[in-house]
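Let me begin by presenting the structure, written as structure tokens, before commenting on it.
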Amino acid sequence: MSKHKHGKDNRGPVAPPAEARETAPVAEAPRAIDPFSVLQDYEARSLTHVVGLPEQLDAPGLWRGVGYRVGLRRLASGFDEVVEILGMPPVTPVPGAQPWMLGVANIRGNLLPIVDLKQFLEGERTVLHEGQRVLVVRQPGGNVAVTIDELFGQRSFVEEQEIEAAPLAEGRYANFVERAYRLGDHEWGVFSLDRLARTPEFRQAAA
21 MSKHKHGKDN RGPVAPPAEA RETAPVAEAP RAIDPFSVLQ DYEARSLTHV VGLPEQLDAP
81 GLWRGVGYRV GLRRLASGFD EVVEILGMPP VTPVPGAQPW MLGVANIRGN LLPIVDLKQF
141 LEGERTVLHE GQRVLVVRQP GGNVAVTIDE LFGQRSFVEE QEIEAAPLAE GRYANFVERA
201 YRLGDHEWGV FSLDRLARTP EFRQAAA
């Protein structure tokens with residue numbers, strides 16, 4: 021069979037060899053933003069205002085978690101208890117639900133219950149604001165989101181900073197605040213979101 025050759029003056033575009041096409045680099049899809057990368061940035065900036073803490077990050081008894089505020093209390097929960105941190109999504113009320121059950125939200129095709137954590141713990145409704153955040157928590161049978169008043173980002177504590185937890189563990193908080201730390205001028209309670217998610221009353225949101 022004869023082979024057709026292009027002339028010098030009418031040479032068309034030449035396709036790359038098959039090998040080149042197979043090994044050509046493929047552009048990566050944009051990566052989703054990792055919420056904990058944001059938390060690490062929060063911490064890196066906050067550490068500049070805490071004398072001595074960077075040297076403690078490898079100390080024995082180090083505890084690290086997500087810091088946030090509910091009402092007047094500063095709380096922190098373990099990274100393994102927080103699935104995701106989201107902005108407040110549009111919420112559809114659920115008729116007959118408890119007052120602290122704000123409703124459900126459609127998150128990427130999944131219905132997620134939204135709970136007013138402050139109202140559940142203190143009986144006082146959270147005043148929702150622009151920039152409101154929720155923590156997504158694992159719960160048997162499906163995840164649930166709880167509102168927080170302010171997100172502080174990643175926090176680190178060591179044994180020497182541990183204090184008496186009683187002042188932060190009053191009322192319903194006593195069931196969930198395991199221990200407390202003092203960092204700078206603030207006291208922080210370690211709040212068990214896992215225990216919260218397993219509390220029968222919390223799980224039975226329908227009135």
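Terminal number for the sequence shown in my numbering: 227, no gaps in between.
Ideal placement from N, C-alpha and C gives every residue a C-beta, glycine not left out.
Just tell me which of Pro133, Glu142, Val86 has its CA closest to the CA of Glu101. Out of Pro133, Glu142, Val86, the CA that lies nearest to the CA of Glu101 is found in Val86.
With burial defined as no fewer than 16 other Cβ atoms inside 10 Å of the residue's Cβ, what is the status of Gly204: buried or exposed? With fewer than 16 other Cβ atoms within 10 Å, it is exposed.
Coil, strand or helix - Arg215 by DSSP: Of the three classes helix, strand and coil, the one that applies to Arg215 here is helix, per DSSP.
Residue range of the unbroken alpha helix (DSSP H) whose run includes Glu104: Run containing Glu104: none in the alpha helix (DSSP H); it sits in the beta strand (DSSP E), 102 to 107.
Apart from the five residues on each side of it in sequence, which residues of its chain come closer than 6 Å, Cβ to Cβ, to Thr112? Excluding residues within five positions, the ones whose Cβ falls inside 6 Å are Gly123, Val124.
Burial state of Phe99, where buried means 16 or more other Cβ atoms lie within 10 Å: Counting Cβ neighbours within 10 Å, Phe99 comes out exposed, since fewer than 16 surround it.
So what's Pro133 in DSSP terms, helix, strand or just coil? DSSP places Pro133 in strand when its eight states are reduced to three.
According to DSSP, is Ala194 helix, strand or coil? Correct three-state label for Ala194: helix.
Alpha carbon to alpha carbon, what distance is there between Gln224 and Arg153? Between Arg153 and Gln224, the alpha-carbon positions lie close to 23 Å from each other.
Kindly indicate the opening and closing residues of the alpha helix (DSSP H) around Phe222. Counting along the chain, Phe222 sits inside the alpha helix (DSSP H) bounded by residues 220 to 223.
For Leu213 and Phe177, the rounded distance between their alpha carbons: Roughly 18 Å between the two C-alpha positions.
Gly209 vs Ala200 beta-carbon contact at 7 Å: Against a cut-off of 7 Å, the Cβ pair of Ala200 and Gly209 comes out as a contact.
Skipping 5 residues on each side, what residues in its chain have a beta carbon closer than 8 Å to that of Ala47? In this prediction, Ala47 scores a pLDDT of 39, lower than 50, which makes its location untrustworthy; the coordinate-derived value is nonetheless stated afterwards. Cβ within range, chain order: n/a, list empty.
Local Cβ density within 10 Å of Glu221, reported as buried at 16 or more and exposed below that: So Glu221 ends up on the exposed side.
In the DSSP assignment, the beta strand (DSSP E) including Leu171 goes from what residue to what residue? Unbroken beta strand (DSSP E) run through Leu171: 170 to 177.
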